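In the numbering used here, the protein residues as written are -9 to 168.
Worksheet: one structure, shown below.
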């Protein structure tokens, strides 16, 4: 299990490295695109799409599985020792996919932070001010609640007892309904 764990962690780091490298420049993907597609179908210069960068899940899976399949075949011919090839192959694919998604998460969060750095500062400042106001309101309410309890007691003492009103039955009799 230890070799698989090492391969898995290395694959995660490899996925992060591949995604970071493709975000900086996608020359290999452009070269393959140029070879496979006609002039009209080739990707534009402003397109940053790569083998794993800005691709859908299925295409990422296909590209990564193809890469590892070719590398496993080459390694099997060079080193004729068989060591749980299938499990290592699966760990490499899954680890690389996880690494790619971690790198994408980092890229997207850094873009959001850069775009909203000023507004985040204002939001934090406003939140602190609202918190201070809320605490002051709570302190003020605790003072007013004790005084309102005292006011209620004073009003009860001041109230005069009302004359007893007729019961509902007597009122209905007066109206002639009973």
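Positions of the beta carbon are idealized from the N, C-alpha and C atoms, including for glycine.
The structure presented is a predicted model; accordingly, all values stated were derived computationally and were not measured.
Between residue 6 and residue 92, the gap from beta carbon to beta carbon is short of 7 angstroms.
Per DSSP, residue 77 is one residue of the alpha helix (DSSP H) stretching across 75 to 105. Residue 53 sits close to residue 41, with the two beta carbons spaced by under 7 angstroms. Residue ranges of uninterrupted alpha helix (DSSP H) with 4 or more members, entirely inside the region 2 to 82 and ordered along the chain, are 17 to 26 and 47 to 68.
Shown here, residue 109 sits in a helix according to DSSP, grouped into three states. Inclusion of residue 58 and residue 13 in the CB contact set at 7 angstroms is not warranted, their separation being larger than that value.
Residue 69 and residue -1 have their alpha carbons spaced roughly 23 angstroms apart.
Under the three-state reduction of DSSP, residue 119 is assigned to helix.
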